[in-house]
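So the protein sequences, as listed, match chains A and B.
Residues in the first sequence are numbered from 0 upward in steps of one, following numbering that gives the first Met the number 0.
Residues in the second sequence are numbered from 0 upward in steps of one, following numbering that gives the first Met the number 0.
Every residue, glycine too, gets a C-beta built ideally from N, C-alpha and C.
Written below as structure tokens is the structure these notes are about.
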Amino acid sequence: MAVAATSRLNLLARLGGAAEECLAYLGGLAQLSSRALWLVFVSPLKRRRSFDRAAGQAMSVGVGAIPIVSLITFFIGLIMALQGAYELRRLGAMQLVPALVAVAVTRELGPLITAIVVIGRSGSAFAAEIGTMRVTEELDALEAMALDPMAFLVAPKFVAMAVMVPCLAVWSDLMGVLGGCAFGVTAGGFTTLGYFTSTRNALTASDVVTGIVKSFVFGLIITAVGCQEGFSTGAGAQEVGRSTTSAVVRSILMVILVDVVFTIFFYITGGLS
Amino acid sequence: MDAAVVGTPIISARDLRVRYGEREILHGLRFDILHGETVVILGGSGSGKSTLLRTMVGLEKSHSGELRVKGVDMGKASERTKAELRLKMGLSFQGGALLGSLSVGENIALPLLEHSGLAPSTVEVMVRIKLEQVGLSGFEDFSPSALSGGMKKRAAFARALAMDPEILFFDEPSAGLDPIMAAGIDNLILNLKKAYTVTMVIVTHELASAFLVADRIMVVDKGDIIADGPPDLLRQSDHPRVRQFLDRVPDSESGDDEVDHLRMYTEGVR
Chain A
0 MAVAATSRLN LLARLGGAAE ECLAYLGGLA QLSSRALWLV FVSPLKRRRS FDRAAGQAMS
60 VGVGAIPIVS LITFFIGLIM ALQGAYELRR LGAMQLVPAL VAVAVTRELG PLITAIVVIG
120 RSGSAFAAEI GTMRVTEELD ALEAMALDPM AFLVAPKFVA MAVMVPCLAV WSDLMGVLGG
180 CAFGVTAGGF TTLGYFTSTR NALTASDVVT GIVKSFVFGL IITAVGCQEG FSTGAGAQEV
240 GRSTTSAVVR SILMVILVDV VFTIFFYITG GLS
Chain B
0 MDAAVVGTPI ISARDLRVRY GEREILHGLR FDILHGETVV ILGGSGSGKS TLLRTMVGLE
60 KSHSGELRVK GVDMGKASER TKAELRLKMG LSFQGGALLG SLSVGENIAL PLLEHSGLAP
120 STVEVMVRIK LEQVGLSGFE DFSPSALSGG MKKRAAFARA LAMDPEILFF DEPSAGLDPI
180 MAAGIDNLIL NLKKAYTVTM VIVTHELASA FLVADRIMVV DKGDIIADGP PDLLRQSDHP
240 RVRQFLDRVP DSESGDDEVD HLRMYTEGVR
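Okay, here's the thing in structure tokens:
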């Protein structure tokens, strides 16, 4: 009996330890984000040059992601239309395909798929960049030159991601609808104009706004996790690989968790209107 | 720098202790570095000399004791005060630590563009002058990864010199270089000594270059200063560890030492 009790206590202790670690990690993320966002507004560095750095980041995380985001969300839209039509055809409700695709893509899949592509492209890159800079002493060099790495490296990334991820999400909404349209026109018996009219009628502004709000938060999370992992890189090239991997895994997990919270919230409140 | 301050301490340490986790790396150091002096900190790998350098720049926090740089207590100073102080310091890292995302010229221009109100055209001229000083004219547009080890070090010198600092720190300036390149680096330091009235702190384990450039040599061993004096005096030292270092005698219990170093590396990881 005593053995069982000890092992139960051990389990409890381990659970407690894990919970504590989790909370500490989230606290670290919150601290990093708030400091970086504060530095966006009261940067000790030259405003003009900080803006240029943010614009450069925006080009690579936003504009650079357009081709791959377009391709993926176009096919996601196409898949949604195909899967939807498979079921709806039996009910003779093919006219609902545009609405199904439009709502699914704008409210959920557009922002989510965008976030996952951005994690793969940029979240991992942030962790690798900052991690490598830690290993090669470049972070120390920045500090030695009186350039705060948070202001110099992290703040521009937050600005770029906060602006570009929502933009990408809107773009991916459009591409998803186009994907659905490709099916609708070639195999669903819609005209292009008819498909778009049905899409327009099915959508409310709140559907798109919900997606934008979510992707804004996703952008902040991806940046915070990527940079945090980068800074926590230990010594050696192997460590850079570890922090890159964990940036991707943790970002995906956190994005999905936040997505669940948002979706439940919007479900209960009836969405933003 | 006014002549009046020459001969007064610019850096002073009293009972300075630095720890990585539980392990104490520096055990209560006491020393002064005077204005305009060129001090070489000599020691083997794992002796704590690099930690000492990092502490002087404020990259490492002291655990106890006092370290004053230009009168500022580094242990108690705010980040802002330290940042202001760092504008007057130049640090050249062992591996160069040039920002890989910028060209060599941009690396040197960076502190100037961020911290001074100089026009970009002026900065461009200054970058050219600094590069010429270290013998790298024409390499402005090269990426740091395209430079050899010695060139990277020289570019890092140029960046450290960019803000015309009052104190220059060099971490292993000639480590890993061939003898010709290392001699070139020594010459560069001697030229800097002649051309500027800067205080230089050089961390190295290269005996020849230490004796060539130093006004004063501090020998650090296992976190303690075991000798401190002008090069000539040091040569006559009869301290067993100093003699061992100068005469290049291997440790008899090298096995122990190796374990010690390994432990230091594994425990020193942040």
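Contact between the stretch 60 to 73 of chain B and the stretch 222 to 236 of chain B (3+ Cβ pairs under 8 Å):
The stretch 60 to 73 of chain B is not in contact with the stretch 222 to 236 of chain B.
Let me check understanding here. Comparing Cα to Cα, which of A/M58, A/L14, A/L146 lies closest to A/P43?
For A/P43, the closest alpha carbon among the candidates A/M58, A/L14, A/L146 is that of A/L146.
Hey, out of A/I220, A/R88, A/V247, A/A234, whose CA is closest to A/L28's CA?
Of the listed residues, the one whose Cα sits closest to A/L28 is A/I220.
On the CB-based measure, 16 or more other CB atoms within 10 Å of its CB, does A/C180 come out buried or exposed?
It is buried - the Cβ of A/C180 has at least 16 other Cβ atoms within 10 Å.
With DSSP as the reference, identify every bridge partner of B/P8, one or two as the case may be.
Partner(s): B/L33.
Outcome for B/P229 when other beta-carbon atoms lying within 10 angstroms are tallied against a minimum of 16
By the Cβ-count criterion, B/P229 is exposed, with fewer than 16 other Cβ atoms from all chains shown falling within 10 Å of its own Cβ.
Which bits of chain B does A/A145 rub up against, with CB to CB less than 7 Å?
Residues of chain B passing the Cβ test: A82, R85, L86, H114.
What residues in its chain sit with their C-beta under 6 Å from that of B/N186, if we drop five residues either side in the sequence?
Correct list: empty, nothing qualifies.
Taking buried to mean at least 16 other C-beta atoms within 10 Å of its own C-beta, is B/E36 buried or exposed?
It is buried - the Cβ of B/E36 has at least 16 other Cβ atoms within 10 Å.
Taking the straight line between their C-alpha atoms, what separation do you get for A/S272 and A/V96?
Note on A/S272: pLDDT 47, under 50, position unreliable in the model; the coordinate value appears next. Rounded to whole angstroms, A/S272 to A/V96 spans 24 Å at the Cα level.
Start-to-end residues for the alpha helix (DSSP H) that takes in B/M199:
Per DSSP, B/M199 belongs to no alpha helix (DSSP H); it is in the beta strand (DSSP E), 198 to 203.
Environment of B/A207 [buried if 16+ CB atoms lie within 10 Å]:
Classification of B/A207: exposed, given that the 10 Å Cβ count is below 16.
Going by C-alpha distance, which of A/Y24, A/S69, A/S32 is nearest A/L177?
Looking at the Cα atoms, A/S69 is the closest of the given residues.
Examine chain B for any beta-carbon lying closer than 8 Å to the beta-carbon of A/E20, and answer yes or no.
It does not; no Cβ of chain B falls within 8 Å.
For B/T203 versus B/S236, is the C-beta distance shorter than 8 Å?
No; because the gap between Cβ atoms is not below 8 Å, this pair is not in contact.
Are any of the Cβ atoms in chain A nearer than 8 Å to that of B/L232?
Interface flag for B/L232 against chain A is unset, since no Cβ pair is found closer than 8 Å.
A/G218 vs A/M160 beta-carbon contact at 8 Å
A Cβ-Cβ contact shorter than 8 Å links A/G218 with A/M160.
Buried versus exposed, by CB contacts within 10 Å (16 or more), B/V268
Because the pLDDT at B/V268 is just 49, under 50, the model does not fix this residue reliably, and the value given afterwards should be weighed accordingly. Exposed, by the Cβ-count rule.
Would you tell me roughly how many angstroms separate the C-alpha atoms of A/A35 and A/A246, rounded to the nearest one?
Going by the C-alpha atoms only, they are around 18 Å apart.
In three-state terms, what does DSSP make of A/V259?
DSSP places A/V259 within a helical segment (H, G or I) once states are collapsed to three.
Contacting positions in the stretch 201 to 218 of chain B - beta carbon closer than 7 Å to chain A
The residues in question: there are none.
A/S59 versus A/D172, A/L77, A/S197, A/I118, residue with shortest Cα-Cα distance
Of all alpha-carbon atoms in A/D172, A/L77, A/S197, A/I118, the one lying nearest the alpha-carbon of A/S59 is that of A/I118.
When you compare the CB of A/K45 with every CB in chain B, is at least one pair closer than 8 Å?
Chain B, which has a Cβ nearer than 8 Å to the Cβ of A/K45, makes this yes.
Name the one or two DSSP bridge partners that B/D170 has.
As DSSP reads the structure, B/D170 sits in a beta bridge with B/V202.
If you check the beta carbons only, do B/L109 and A/M144 fall under 8 Å apart?
Taking 8 Å as the Cβ cut-off, B/L109 and A/M144 qualify as a contacting pair.
Given that B/L25 touches chain A, what residues does it touch there, using C-beta distances under 8 Å?
Neighbours of B/L25 on chain A: none; closest Cβ ~18 Å, over 8 Å.
Would you list the residues sitting across from B/R92 in a DSSP beta bridge?
Contrary to the premise, residue 92 of chain B reads as Phe rather than Arg in this sequence. Paired residue(s): B/G95.
Taking C-beta pairs closer than 8 Å, name the residues in chain B that A/T135 reaches, listed in chain order.
Against chain B, the beta carbon of A/T135 has neighbours under 8 Å at G94, A96, G99, listed in chain order.
Under 8 Å between C-beta atoms, does A/A23 make it to chain B?
Judged by the 8 Å Cβ criterion, A/A23 is not in contact with chain B.
Please go through the same chain and pick out, in chain order, the residues whose beta-carbon is closer than 6 Å to the beta-carbon of A/P110, but skip the five residues on each side of it.
Result list for A/P110: A168, G210, K213, S214, in chain order.
Would you check if the distance between the CB atom of B/A154 and the CB atom of B/L167 is smaller than 8 Å?
Cβ atoms of B/A154 and B/L167: not closer than 8 Å.
So, is B/S77 buried or exposed, given that buried needs 16 or more other C-beta atoms within 10 angstroms?
Answer is exposed; the Cβ neighbour count stays below 16.
Range of the contiguous alpha helix (DSSP H) that encloses B/R247:
Looking at the DSSP string, B/R247 is not in any alpha helix (DSSP H), and its letter there is neither H nor E.
Quick check on this structure: which residue in A/A103, A/E19, A/Q94 has the alpha carbon closest to the alpha carbon of A/G193?
A/G193 has its Cα closest to that of A/Q94, out of A/A103, A/E19, A/Q94.
Rounded to a whole number of angstroms, what is the C-alpha to C-alpha distance between A/G279 and A/V100?
Because residue 279 of chain A is not part of the residues shown, which for chain A are 0 to 272, the question remains open.
So with Cβ pairs under 8 Å, would you call B/V56 a contact of chain A?
True, the Cβ-Cβ gap to chain A drops below 8 Å.
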